[in-house]
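The structure under discussion appears below in the form of structure tokens.
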Amino acid sequence: MIQTQRISLNDPAAIGLLVACLARGGLAAIPTETVYGLAADATNGEAVAGIFEAKGRPRFNPLISHGSDLAMAERYALFDPLARRLAETFWPGPLTLVLPARLGAGLHPLVLGGLQTVALRIPQGPMREAVAALGRPVAAPSANRSGRVSPTTATHVLHTLDGRIDLVADGGPTMHGLESTIVRPEGNRVVLLRPGSVTADDLAAASGVPVVRRGEGDAIDAPGQMLSHYAPHGRVRLDAVAPEPGEHWIAFGPEPAAGLEAAAGLFQLSETGDLREAASRLFAALAAFDSPDIERIAVAPIPREGLGEAINDRLRRAAADR
Ligand code: AMP
Ligand code: MG
């Protein structure tokens, strides 16, 4: 349990407190025009892992990143003319664009859920002010425990997250109470991935191109649905006590008593057995060992509690038969 501080956005010091919290890797619930978002610095892997921990999310699904303006958004994603037109029409506002990510621009891989696309929006109000003052994007899903209703007041946030987050900024009830509309601009059409307060008619009028609903079997908006979606080239052996000769070893906690000298490679998720650190390094570990030359990967056991549930979910997908 941590002490959750409740501040009022009428307090002139509020934005400064939010920025200080986010800059040191903390978690802050902040109202947007849709619902209260649970924000963390999107470039800080341990802070982002903290979102999954606080929400109790059972898997690492990708998170929406919130920017302060189009210039910031363009540092992290590629905009074609259609995407730019939508951004210029609806931002700041309740529209999220799924765009090709500029990989290596600084967003942590956990934010993208290991995908090559990024979901971006520019919100209105205090969330935007905080992001502008921070100078980098924040990842922010709804500020509620996994499986519970999205909160539209600070008191709702505290119902499920009190003692699990650092700060809640009370700005009164949110305007829409409905999540942002999510779309993927595709050059000559707009694919509607999630309906929200910006409607298909609004999108068609602004873009001048057809708006189509997400198709059946569309993989990209259902990341993690397919069991082997995230698998590296090699075979992955889970809950290994020690590496066998020639295996690449993904370690968690202290080194095994024997076997390490015969391992072909080593990636330590967290020497101290810290689940947040391990979560923040997991995608890097799988990427490091995803090569046609690496045939066998073994992974140390990782506890199932807390963030361990999502880590093990991700590892099971990496290990699934394909
Ligand atoms: P939320 O839980 O409100 O933050 O919404 C997250 C949803 O946004 C996900 O379920 C996806 O549908 C979509 N999304 C977020 N990030 C990405 C991404 N990197 N690529 C594609 N879709 C994404
Ligand atoms: Mg939610």
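Quick note on this note's numbering: the sequence shown kicks off at 945 and runs consecutively.
No residue lacks a Cβ here, since even glycine has one placed at the ideal position from N, Cα and C.
Can the beta-carbon of residue i be found closer than 8 Å to that of residue j?
{"i": "A1262", "j": "F996", "result": "no"}
{"i": "I1241", "j": "G1178", "result": "yes"}
{"i": "V1101", "j": "A1087", "result": "yes"}
{"i": "G1197", "j": "A1244", "result": "yes"}
{"i": "D1110", "j": "G970", "result": "yes"}
{"i": "F1023", "j": "L1054", "result": "no"}
{"i": "N1132", "j": "V1156", "result": "no"}
{"i": "A998", "j": "L982", "result": "yes"}
{"i": "T1125", "j": "R1108", "result": "no"}
{"i": "P1006", "j": "S1090", "result": "no"}
{"i": "R1019", "j": "A1049", "result": "yes"}
{"i": "Y1174", "j": "G1252", "result": "no"}
Name the DSSP beta bridge partners of residue i, please?
{"i": "T905", "result": "Coverage of the chain is limited to positions 945 through 1266, which leaves residue 905 absent and any answer about it impossible."}
{"i": "P1044", "result": "T1061"}
{"i": "F1211", "result": "I1194"}
{"i": "I1246", "result": "According to DSSP, I1246 bridges with nothing at all."}
{"i": "A1113", "result": "I951"}
If contacts are defined as beta-carbon pairs under 8 Å, then residue i and residue j qualify, I think. What distance do you get, rounded to the angstrom?
{"i": "H1052", "j": "V992", "result": "5 Å"}
{"i": "G1203", "j": "A1186", "result": "3 Å"}
{"i": "L1219", "j": "I1194", "result": "Rounded, the Cβ-Cβ distance is 14 Å, inconsistent with contact."}
{"i": "E1073", "j": "I946", "result": "Wrong, their Cβ atoms sit about 24 Å apart, outside the cutoff."}
{"i": "A1208", "j": "G1190", "result": "5 Å"}
{"i": "V1082", "j": "A986", "result": "6 Å"}
{"i": "A1021", "j": "L1043", "result": "4 Å"}
{"i": "A1084", "j": "R950", "result": "No, A1084 and R950 are not in contact; Cβ-Cβ is about 18 Å, not under 8 Å."}
{"i": "G1121", "j": "V979", "result": "7 Å"}
In chain order, which alpha helix (DSSP H) runs of at least 4 residues are fully inside the region 957 to 1041? 958 to 967, 989 to 999, 1014 to 1020, 1025 to 1034
Inspect the CB distances between the region 1144 to 1158 and the region 1002 to 1017 and report whether three or more fall short of 8 Å. no
Specify whether the region 1031 to 1047 and the region 1085 to 1094 touch according to this definition: at least 3 beta carbon pairs, one from each stretch, less than 8 Å apart. no
List in chain order: all unbroken beta strand (DSSP E) runs of 3+ residues lying wholly within the region 1130 to 1159. 1134 to 1138, 1155 to 1157
Does the region 961 to 977 come close enough to the region 1111 to 1120 to have 3 or more Cβ pairs within less than 8 Å? yes
Between the region 1065 to 1075 and the region 1035 to 1044, are three or more C-beta pairs nearer than 8 Å? yes
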